[in-house]
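Chains as they are written, first to last, in my numbering: chain X, 22 to 284; chain U, 16 to 310.
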């Protein structure tokens, strides 16, 4: 028990330390002896960070990218998962294997040809360049396919006998039944896009199109780091993810264990 | 399962459902992967026409001191990180698998939280904590009468710090995978072993480990791929320094491709990275199969 608590402290302390320090006035940040809690709580760092026009732009870009990309990911993953899980057609296994193989090709390995491909499509320095390519995720397709195999065929057959076309069946039967897996894929996709650094780094070079992760990396890379400001911005960046996690924990845990162990 | 025979009116419907996803895959994964391989045999840069130069890039790579250093660093970092991660996350899973501790669920969630953060924010947090003069860790060491430690500015320690922070980040994630693996082991086996008077260590060694080996394989493969991709953490914590002490292949690829504009040469590096991932994954597969045969 004591070991567990000790590990829990190690896991949480760095995050809490950053968050608490972001409420310290600059003069207190590096004062020795250090104290865990701010002596004088201040919102100054947040005000400075939020009022900075550029941070608002980065934040807005990141929200836009994460939300739109997640919507696309959910739709196309469920569609592909449905095709792979509920239809028999020539080339099905080949396509499923092909998608799983792409799991083994990380972006880091193909970032140069991807850059050239995006350039060809005119997607450089466009938010669509960070939205579209990563929207097709093998993990999403895999999770959706696994889930589809648990939906009984009889439900689909019944809807067809009632005269529903294939698209109608998909929209009125499959989508409502897939809510749990939609939630899981949505949460993961949102988190991935929110946390992305390498995609934006490759695609975006204009500062008004940057995302928060890019901005944070830029700030910490400067010679004189303004820690008070940086810690406030870091806390703002972490917060949405932690809130989503605390609210929707069960989906997270299911997603990992389903995706990883069966994979 | 619905089967549409070829020639029937609707045989194309499943393809239609697959199309959007497949289109993106082909355009932004498969074509680039093939192109990347082709580029590695050229002297491609953004503004000039590429020429085919055979294996010249690869020959140059094996004489390139900086590349060889990043290669070695990546290998050392990946092997140590994966080993440490498997041990720590399995340990956590064993601690939190049985429901003997109050609030097991809450603890699982707490350990999982670090893996939710972006590597950029993780790097920022730890650079703040491990700072030479102003980090809290050195403050604590100094107030206990010790000397400040150069966590990020001395070569070997910087590597160690990066490894430890990686373990801190991902241990909870792999812990969850291990827990679901542990849940598939039938309780009866442990009961039988207990009745036979087996020690806890013995039942761990002869029941848990062998039956858990598929999960261990999954965890080590995921962790390996993840380790080879490392870039953001180094960028924010050490920038690859001091010197080249924590510079990894991905950072080198990025710099050579986008800052020095030698895309063909950098592609050759990417191919080496891909091969490293492939070979290590293969070794892990072989290793786990070998173990299975001995049982």
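Virtual Cβ for every residue (Gly too), placed ideally from N, Cα, C.
C-alpha distance - residue i paired with residue j, whole-angstrom precision
i	j	result
residue 35(U)	residue 150(X)	16 Å
residue 308(U)	residue 236(U)	For residue 308(U), the pLDDT reaches just 47, beneath the cut-off of 50, and the residue's location in the model is therefore unreliable, leaving the point undetermined.
residue 178(X)	residue 92(X)	28 Å
residue 281(X)	residue 143(U)	Low confidence applies to residue 281(X): its pLDDT is 49, below 50, so where it sits in the model is not reliable enough to give any reading.
residue 145(U)	residue 55(X)	14 Å
residue 130(X)	residue 209(U)	49 Å
residue 299(U)	residue 157(U)	43 Å
residue 59(U)	residue 280(U)	8 Å
residue 197(U)	residue 203(U)	13 Å
residue 112(U)	residue 194(U)	6 Å
residue 228(U)	residue 229(X)	49 Å
residue 283(X)	residue 176(X)	Any reading at residue 283(X) needs caution, since the residue's pLDDT is 35, under 50, leaving its predicted position unreliable; the model's value is listed next. Roughly 25 Å separates the two Cα atoms.
residue 242(X)	residue 251(U)	7 Å
residue 139(U)	residue 249(X)	12 Å
residue 151(U)	residue 33(X)	15 Å
residue 260(X)	residue 212(X)	12 Å
residue 77(X)	residue 98(X)	31 Å
residue 87(X)	residue 147(U)	36 Å
residue 119(X)	residue 112(X)	10 Å
residue 85(U)	residue 270(U)	12 Å
residue 21(U)	residue 39(U)	Any reading at residue 21(U) must be qualified, since the residue scores a pLDDT of 49, below 50, and its modelled position is unreliable; no value is offered.
residue 240(X)	residue 44(U)	31 Å
residue 134(U)	residue 242(U)	12 Å
residue 27(X)	residue 116(U)	14 Å
residue 83(X)	residue 157(X)	18 Å
residue 29(X)	residue 123(U)	9 Å
Residue i, enclosing alpha helix (DSSP H) - first and last residue
i	result
residue 143(U)	134 to 145
residue 261(X)	248 to 268
residue 196(U)	170 to 197
residue 88(X)	74 to 107
residue 239(X)	233 to 241
residue 117(X)	113 to 122
residue 49(X)	47 to 50
residue 169(X)	159 to 169
residue 34(X)	23 to 42
residue 240(U)	224 to 243
residue 286(X)	Outside the displayed range of chain X (22 to 284) lies residue 286(X), so it cannot be described from this structure.
residue 74(U)	71 to 76
residue 150(U)	Premise fails: residue 150(U) is in no alpha helix (DSSP H) and is neither H nor E.
residue 125(U)	119 to 127
residue 182(X)	174 to 182
residue 213(X)	200 to 216
residue 51(U)	46 to 54
residue 221(X)	219 to 224
residue 247(U)	247 to 252
Residue i: contacting residues in chain U (beta-carbon distance under 9 Å)
i	result
residue 84(X)	The contacting residues do not exist; residue 84(X) stays about 15 Å from chain U at best.
residue 38(X)	140, 143, 144 and 151
8 Å Cβ cut-off: residues of chain X touching residue i
i	result
residue 289(U)	126 and 130
residue 51(U)	130, 131, 133 and 134
residue 25(U)	187
Within chain U, partners of residue i - CB distance below 7 Å
i	result
residue 154(X)	39 and 43
residue 51(X)	149
Within chain U, the residues that residue i reaches when beta carbons sit closer than 8 Å
i	result
residue 18(X)	The requested residue 18(X) is not part of the displayed model; chain X covers only 22 to 284.
residue 101(X)	32, 33, 35, 36 and 37
residue 70(X)	Ordered by position in chain U, no residue passes the 8 Å Cβ test against residue 70(X), which lies about 13 Å from the chain.
residue 29(X)	122, 125 and 126
Chain X contact residues for residue i, given Cβ-Cβ distances below 7 Å
i	result
residue 187(U)	32
residue 86(U)	In chain order: nothing, as chain X lies at least about 14 Å away.
residue 48(U)	126 and 131
| Proximal residues, the region 60 to 71 of chain U versus chain X, C-beta separation under 7 Å | Answer in chain order: no residues at all.
| message | Can you pull out the residues from the region 139 to 167 of chain U whose beta carbon lies closer than 9 Å to at least one beta carbon of chain X? | response | Only 139, 140, 141, 142, 143, 144, 146, 148, 149, 151, 154, 155, 157 and 158 from the region 139 to 167 of chain U bring a Cβ to less than 9 Å from some Cβ of chain X.
| said: So, does the region 165 to 177 of chain U touch the region 65 to 76 of chain X, judging by three or more C-beta pairs under 8 Å? | reply: By the criterion of at least three beta-carbon pairs nearer than 8 Å, the region 165 to 177 of chain U is not in contact with the region 65 to 76 of chain X.
| Where the region 212 to 244 of chain U meets chain X: residues whose CB sits under 7 Å from a CB there | So the close ones are 230, 233, 237, 240 and 244.
| query | With contact counted as at least three CB pairs below 8 Å, one residue from each stretch, are the region 216 to 231 of chain X and the region 267 to 276 of chain X in contact? | reply | Fewer than three beta-carbon pairs drawn from the region 216 to 231 of chain X and the region 267 to 276 of chain X are found closer than 8 Å, and the two stretches are therefore not classed as touching.
| query | Pairing CB atoms from the region 217 to 237 of chain U with CB atoms from the region 245 to 264 of chain U, are three or more of them under 8 Å? | reply | With a cut-off of 8 Å, the region 245 to 264 of chain U and the region 217 to 237 of chain U do not count as touching, because too few Cβ pairs lie within range.
| message | Across the region 122 to 138 of chain U and the region 214 to 233 of chain U, are there enough close Cβ pairs to call them in contact, namely three or more that are closer than 8 Å? | response | Contact fails: fewer than three Cβ-Cβ distances are below 8 Å.
| task | Taking a Cβ distance cut-off of 7 Å, strictly less, list which residues of the region 271 to 288 of chain U are near chain X, in chain order. | result | Against chain X - using a Cβ distance shorter than 7 Å - the residues of the region 271 to 288 of chain U are 272, 278, 281, 282, 285 and 288.
| Contact set between the region 230 to 261 of chain X and chain U, restricted to residues whose Cβ is under 8 Å from the partner | Within the region 230 to 261 of chain X, the residues whose Cβ lies closer than 8 Å to some Cβ of chain U are 234, 237, 238, 241, 242, 248, 251, 252, 255, 258 and 259, listed in chain order.
| Going along the chain, which residues of the region 207 to 226 of chain X sit with their C-beta nearer than 9 Å to a C-beta in chain U? | Taking 9 Å as the Cβ-Cβ cut-off against chain U, the residues of the region 207 to 226 of chain X that qualify are 212, 215, 216, 217, 218, 219, 222 and 223.
| said: Under 8 Å, with one C-beta from each stretch per pair, do the region 195 to 215 of chain X and the region 133 to 142 of chain X reach the 3-pair mark? | reply: These segments do not touch.
| Should the region 251 to 265 of chain X be called in touch with the region 37 to 46 of chain X, which here means at least 3 C-beta pairs below 8 Å? | Under the Cβ criterion (8 Å, minimum of three pairs), the region 251 to 265 of chain X counts as touching the region 37 to 46 of chain X.
| Cβ contact (3+ pairs, closer than 8 Å) linking the region 257 to 274 of chain U and the region 158 to 171 of chain U | Touching, yes, given that three or more Cβ pairs across the two stretches are closer than 8 Å.
| request: Please confirm if the region 165 to 178 of chain X is in contact with the region 101 to 116 of chain X, defined as three or more CB-CB distances below 8 Å between the two stretches. | output: Under the Cβ criterion (8 Å, minimum of three pairs), the region 165 to 178 of chain X counts as touching the region 101 to 116 of chain X.
| said: What are the residues in the region 104 to 127 of chain X lying within 8 Å of chain U by C-beta distance? | reply: From the region 104 to 127 of chain X, only 104, 105, 107, 108, 109, 110, 111, 113, 116, 119, 120, 123, 125, 126 and 127 have a Cβ closer than 8 Å to chain U.
| message | Under 8 Å: do the region 93 to 112 of chain U and the region 177 to 197 of chain U share three or more Cβ pairs, one atom per stretch? | response | Between the region 93 to 112 of chain U and the region 177 to 197 of chain U there are three or more C-beta pairs closer than 8 Å, enough to call the two in contact.
| query | For the region 271 to 279 of chain U against the region 60 to 73 of chain U, are there 3 or more C-beta pairs whose distance is under 8 Å? | reply | At 8 Å Cβ cutoff, the stretches touch.
| Got a sec: which bits of the region 172 to 185 of chain X sit with their beta carbon under 8 Å from any beta carbon on chain U, in order along the chain? | Cβ contacts with chain U: 174 and 177.
| Short-range partners of chain X found in the region 244 to 265 of chain U, where Cβ spacing is below 8 Å | Within the region 244 to 265 of chain U, those residues whose Cβ lies closer than 8 Å to any Cβ of chain X are, in chain order, 244, 246, 247, 250, 251, 254 and 265.
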